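In our numbering, the protein residues as written are 42 to 331.
Note that beta-carbon positions come from the ideal geometry of N, C-alpha and C, so glycine has one too.
Every value quoted in this text rests on a predicted model; they were computed, and no experiment measured them.
To start, the structure under review is shown below, and the notes come after it.
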C-alpha cells in the first residue's frame with residue numbers, strides 16, 4: 042500500500058477544497074432560483090436576498106401549471122417533440138451515417154461534399170417557411186420535427202465513429218447471410234451506444250430548447266411548445282402577478298419568473314446525469330480515428 046507524504050496530503054486536501062468551492066459556485070445559482078420560486082412575495086420584499094426561506098409556497102408553480110396559460114398542453118407538445126424528434130433523428134442519422142462510413146459506397150465523396158456544404162450554407166428562412174407551408178405542416182408538431190430531423194454536424198460525428206468499428210464484424214455477418222439493415226441494427230448500433238447517447242443528447246437538448254421555429258410555424262395556442270409559452274408568460278409576468286395578488290398570499294413577479302426557469306430546465310437536469318458518462322467519450326470516439 043502506497044504511503045502519501047505530508048506534501049502530497051496537503052496538495053490533495055487543497056485540491057478537494059478547490060473542488061468543493063467550485064461545486065458551491067456552480068450549484069448556488071440553481072439552488073437560489075429554486076428557493077426564490079418557493080418564497081412568498083412578502084418575505085422577498087422584507088429580506089431582499091433569501092437563502093433559507095421562513096415559509097415555502099407552491100403557488101407560483103400552481104399558477105405556471107394551471108390551464109389558464111396552457112403550460113400543461115405545452116409540456117405535452119414539447120415532450121412529444123423531444124422524444125419522437127430525437128428518436129427519428131437518431132434513426133435517420135444512423136441509416137445515413139452507416140453507408141457513408143463505408144469506402145466502397147459509389148459516389149461517397151460527392152454525398153459527403155453535399156452534406157458538408159449544408160453546414161456552411163442553408164436554403165434561407167423564407168424558402169424553408171414556404172416549403173413547410175406547401176407540405177401542409179403549419180400549425181402541427183411535425184413542423185418542429187421534420188425540417189431539422191437530420192443534422193450534418195451530428196452525422197459527421199456518427200460517421201467517424203462507425204469508421205472505427207472493425208470491418209471484420211460486418212464481413213462475418215455477411216457470410217452468415219445478414220443484410221445491411223440487420224448488420225446496422227444488431228451489430229453496429231449496439232457497439233455504438235456511446236456515440237448514440239451523445240448524439241441523442243445533442244438532438245434532445247436542441248428540441249427541448251428550440252422556440253424560434255415554433256414562433257414561425259405555429260399559430261395555434263394549443264400547439265405551442267413549452268419554451269414559447271414560458272416566453273409569453275415572462276413577457277406578461279407583471280400583468281399575471283397583478284391579477285393573482287391578494288391580501289393573504291400575493292405572488293410576485295420574481296417567484297413566477299424563477300418557477301418558469303425551474304420548470305423549463307428540470308427535465309434536462311433529471312435526464313443528463315444518466316447519460317453524461319457517455320457524453321465526452323462519444324464525442325472523442327467520433328472525432329479521433331486511428
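Check, Outcome
"Contacting residues, own chain, Cβ-Cβ under 8 Å from residue 180 (five flanking each side not counted)", "258, 259, 260, 261, 264"
"C-alpha distance - residue 183 paired with residue 271, whole-angstrom precision", "21 Å"
"CB of residue 96 within 8 Å of CB of residue 84, strictly", "yes"
"Whether residue 156 touches residue 198 by CB criterion (8 Å)", "no"
"Straight-line gap, residue 159 to residue 203 (C-alpha atoms, nearest Å)", "21 Å"
"Where residue 164 falls: helix, strand or coil (DSSP)", "coil"
"Cα-Cα separation, residue 228 to residue 211", "8 Å"
"Alpha-carbon to alpha-carbon, residue 112 and residue 92", "28 Å"
"Exposure label - residue 151; buried when at least 16 CB within 10 Å", "exposed"
"Residue 173, buried or exposed, once every other Cβ within 10 Å from all chains shown has been counted against 16", "buried"
"contact_flag[the segment 293 to 301, the segment 137 to 153] where n(CB pairs < 8 Å) is 3 or more", "no"
"Nearest-angstrom beta carbon gap, residue 267 and residue 115 [assumed within contact, 8 Å]", "4 Å"
"Per-residue DSSP class, three states only, for residue 145", "coil"
"Whether residue 74 touches residue 302 by CB criterion (8 Å)", "yes"
"DSSP three-state assignment for residue 248, whether helix, strand or coil", "helix"
"Residues near residue 130 in its chain [Cβ-Cβ closer than 6 Å; skip 5 each side]", "190, 244"
"CB contact flag (residue 236, residue 256, <8 Å)", "no"
"C-beta atoms of residue 206 and residue 137 nearer than 8 Å", "no"
"Supposed contact pair residue 230 and residue 300 - C-beta distance, whole angstroms, cut 8 Å", "Contact flag wrong, Cβ pair sits at about 40 Å."
"N- and C-terminal bounds of the alpha helix (DSSP H) containing residue 64", "47 to 79"
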